[in-house]
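Chemist: Chains as they are written, first to last, in the numbering used here: chain A, 1162 to 1535; chain B, 170 to 465.
The beta-carbon is built from N, C-alpha and C at its ideal position, and this holds for glycine as well.
A single structure is presented below for examination.
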Amino acid sequence: MYVAVKGGETAILNSYRLLAEQRRGDNRLPELSVSQIQQQLKLAVDRVMNEGSVYDPELAALAIKQASGDLIEAIFLLRAYRATLPRLGTTKPLQTDRMSLERRISATFKDLPGGQVLGPTYDYTQRLLDFTLLANGQDATADVQPPSHVLPTGIGAAVTPRVVELLNHEGLIETRPIPPGDPSPVDLTREPLRFPAVRSTRLQNLARGDEGFLLAMAYSTQRGYAHSHPFVGEVRLGQVAIEIEPEELGFAISMGDIEITECEMVNQFAGSKTEPPQFTRGYGLAFGHSERKAMAMSLVDRALRADELGEPIESPAQMQEFVLSHSDSLEASGFVQHLKLPHYVDFQSELELIRKMRAAANAKAAQPDTGVTA
Amino acid sequence: MNALNEVSLEPLSDTATDDVQANFNFAYLDERTKRMIRRSLLKAVAIPGYQVPFGSREMPLPYGWGTGGIQVTAAVIGPDDVLKIIDQGSDDTVNAVNIRRFFQRTAGVETTTHTRAATLIQTRHRIPEIPLQEGQVIVYQVPVPEPMQRLEPRETETRTLHGLAEYGLMHVKLYEDIAKYGHIATTYDYPVLVNGRYIMAPSPIPKFDNPKMHMNPALQLFGAGREKRIYAVPPYTSVESLGFEDHPFEVQRWDAACALCGATDSFLDEVITDDSGSRMHVCSDSDYCQSRQDAS
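This is the structure in structure tokens:
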């Protein structure tokens, strides 16, 4: 008769083996190396570094390989690895005006100091499948030489002023000076998110947030769910120097460069009782080349400032608790998928309840309605 | 059939087993993280039923699969502990197996299926049938620590309601159940009042288990990893399931007895045994069921 569900341990080990086979695919084909992923699936690597909150292209590539290309699973692997790493310090604010730019575009000015630099982008590709990639695995740019020189970053690098600074000459845009003493922001990987969250905490949450979720939230602000009139002040991509200032030294030292994408969104603001009409800013920053993420982030950042700017809070994208509590792909993925776990006990309780309620309803229906018949 | 609830506790041999203990700290978490969690636990024990925010870490298991319970267990476990892990009352469900494996690999502690032999029990959705004793610790995995979340999703609001002990919302919900159905239609995660002060989610245990929490000699700890909250019920603390004078709290009862051990006092799971929907009832607590079968 009854055969209990058993053999869980064997089943788990067998599933590991099947998973390894699935990951490897047809073993007559050469295996994909981590360095190939790192070099040739760069944009996937960048996304995993962003949401995994670690700037390490090699480990991100390893995670992608281990996860068979499931980026959320790869993010999970990287985050779990990161959780046990010590935190050594906080960097100085990034000087993104001293980035070495690979790409920089503004939608607000036709030309501006530093110029428009199109750089690498899918924006103006015509999305036609390139069958030459399929035919011989050779891509058309295979013989393009890598750049022979590396542009300097940080101190000594050429300054390309940000668009918002240009607008600020006329006082038309809000400014955000570094607060006195440059306090370290809350680290959400060490402390729980509390509400209401300040802007630096919100930005950290968005930077780790799921790209798809942020994209949908940002999109909703453009379709009437939050009053948003955004312009891309600029999007810039390039290498920026990471600097720390050890207490015993008293001056900043560079630890190296990382690639980032920065987006400054400029939004109309009609003014309030305390503030004159001016442009306000939404900010997005992401590791690597991640424009969609940085732009979505800056729209959502601006929407979340509704409270601070005295705007009515009516739409999901303006509600901190809604956005920040649901942005994390691991929290969402884990909790949605935990429904696969056994729920025999809860279900049993519900089963009993439904039977009880149906029995009560049937008993009621079976009784003659004495009030109607004479 | 006698072998039904036996579980093999031999550590599994897979390639990773050997290097895990060398590469990670005892019970996986680093000592600073454990200290942070212990501080939160102390606060939780000092204020029974109060949800203490803590810096929940990303664990190697997914959120929603017991990361809160795992972190609490990792923070309190010592090399001399004897660990029991159950899910839905059973030691052999895959998630229980997986979490037990995790602690076997990272802490190398002794594990057991026997409730009485365990010093530390991590559970999802059940409290063992065999009464817990002084000195034992039970760790609950909690998906949603806020009992009022479905009534008021904003944490800023529920925090205020707890602060003011303003629990009208919850009582109205239970009252509306009675008005609509004639009885309270909550069967699991049934809200409790702890130490006469805080309303607390007991985690999704069936309400059948609620009375076991009251004045329990064991220390009861609750970990919610995804929601980043810890709470506790110290030994011998009052835990009262909400109800009304004319509609008091009631637990589920079955007409059937366990088909394997004959128990009439345990929580029974229904098992479908054939295509035509024939059913049998068996104890959800596999250790309880097995020990009764062994004794007879």
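1. Specify the secondary structure class of residue 1403 (chain A) as computed by DSSP and reduced to three states.
2. What is the rounded straight-line gap between the Cα of residue 276 (chain B) and the Cα of residue 190 (chain B)?
3. Using 7 Å as the threshold, is the C-beta distance between residue 1357 (chain A) and residue 222 (chain B) below it?
4. What residues of chain A sit near residue 224 (chain B), judged by a beta carbon separation below 7 Å?
5. Can you tell which of B:460, B:296, B:324, B:448 has the C-alpha that lies nearest to the C-alpha of residue 389 (chain B)?
6. Does the beta carbon of residue 380 (chain B) come closer than 7 Å to any beta carbon on chain A?
7. Flag this pair as yes or no: are the beta carbons of residue 361 (chain B) and residue 407 (chain B) separated by less than 7 Å?
8. Counting only beta-carbon separations shorter than 7 Å, does residue 1528 (chain A) have a partner in chain B?
9. Straight-line CA distance for residue 1169 (chain A) to residue 417 (chain B)?
10. Exposed or buried, what is residue 1296 (chain A) when buried is set at 16 or more other beta-carbons lying within 10 Å of its beta-carbon?
11. How big is the Cα-Cα spacing for residue 421 (chain B) and residue 364 (chain B)?
12. Along chain A, which residues have their Cβ under 9 Å away from the Cβ of residue 453 (chain B)?
13. I'd like to know if the region 1383-1398 of chain A and the region 1422-1431 of chain A are in contact, where contact means that at least 3 CB-CB pairs between them fall below 8 Å.
14. What whole-angstrom Cβ distance do residue 453 (chain B) and residue 1505 (chain A) have, given they're in contact under 8 Å?
15. Report the three-state DSSP secondary structure of residue 457 (chain B) (helix, strand or coil).
16. Mind checking which residues open and close the alpha helix (DSSP H) that includes residue 1541 (chain A)?
17. DSSP on residue 1417 (chain A), reduced to helix/strand/coil?
18. Buried or exposed, going by whether 16 or more other CB atoms sit within 10 Å of the CB of residue 315 (chain B)?
19. Over the uninterrupted beta strand (DSSP E) stretch that includes residue 1237 (chain A), give me the two end residues.
20. For residue 1491 (chain A), go through chain B and note every residue whose CB falls closer than 9 Å to its CB, in chain order.
21. With a cut-off of 7 Å, does the C-beta of residue 1241 (chain A) fall near any C-beta of chain B?
22. Pick from B:396, B:392, B:241, B:402: whose alpha carbon is nearest that of residue 381 (chain B)?
23. Could you check if residue 252 (chain B) is buried or exposed, using at least 16 other CB atoms within 10 Å of its CB as the buried criterion?
24. First and last residue of the alpha helix (DSSP H) that includes residue 1518 (chain A)?
25. Check each residue of the region 405-421 of chain B: if its Cβ is closer than 7 Å to any Cβ of chain A, include it; give the result in chain order.
26. Let me know the secondary structure DSSP gives residue 1291 (chain A) once reduced to three states.
27. What residues in the region 1169-1185 of chain A have a beta carbon less than 8 Å from any beta carbon of chain B?
28. When we look at the beta-carbon of residue 284 (chain B) and count the other beta-carbons within 10 Å, is it buried (16 or more) or exposed?
29. So is residue 1495 (chain A) in contact with chain B if we call contact Cβ pairs under 7 Å?
30. Would you identify the three-state DSSP class for residue 1176 (chain A), choosing helix, strand or coil?
31. Between the alpha carbons of residue 437 (chain B) and residue 1195 (chain A), how many angstroms are there, rounded?
32. Compare the beta carbon distance of residue 399 (chain B) and residue 209 (chain B) with 7 Å and say whether it is the shorter of the two.
33. May I ask you to report which of helix, strand or coil DSSP gives residue 1275 (chain A)?
34. Thinking C-beta only, is residue 336 (chain B) closer than 7 Å to residue 368 (chain B)?
35. Could you name the residues of chain B that residue 1518 (chain A) contacts, counting a contact when the two beta carbons are closer than 7 Å?
36. For residue 378 (chain B), does the count of other Cβ atoms within 10 angstroms reach 16, so buried, or fall short, so exposed?
Modeler: For this structure:
1. strand
2. 7 Å
3. no
4. 1351, 1352, 1353
5. The candidate whose alpha carbon is nearest that of residue 389 (chain B) is B:296.
6. It does not; no Cβ of chain A falls within 7 Å.
7. It is not a contact, given that the beta carbons lie outside the stated cut-off.
8. Against chain B, the CB of residue 1528 (chain A) has no partner CB under 7 Å away; the residue lies outside that interface.
9. 40 Å
10. exposed
11. 24 Å
12. 1505, 1506, 1509
13. yes
14. 7 Å
15. Note: residue 457 (chain B) maps to helix in three-state DSSP.
16. This structure does not reach residue 1541 (chain A), given that chain A is present from 1162 up to 1535, and the question cannot be answered.
17. Shown here, residue 1417 (chain A) sits in a strand according to DSSP, grouped into three states.
18. buried
19. Following the DSSP letters along the chain, one finds residue 1237 (chain A) in no beta strand (DSSP E) but inside the alpha helix (DSSP H) bounded by residues 1232-1243.
20. 227, 231, 232, 395
21. At least one chain B Cβ lies under 7 Å of residue 1241 (chain A).
22. B:402
23. buried
24. 1505-1527
25. 421
26. coil
27. 1169, 1170, 1172, 1173, 1174, 1177
28. buried
29. Answer yes: the Cβ-Cβ gap between residue 1495 (chain A) and chain B drops below 7 Å somewhere.
30. Residue state, collapsed to three classes: helix.
31. 50 Å
32. It is a contact, given that the beta carbons lie within the stated cut-off.
33. coil
34. Yes, Cβ-Cβ distance for residue 368 (chain B) and residue 336 (chain B) is below 7 Å.
35. 350
36. buried
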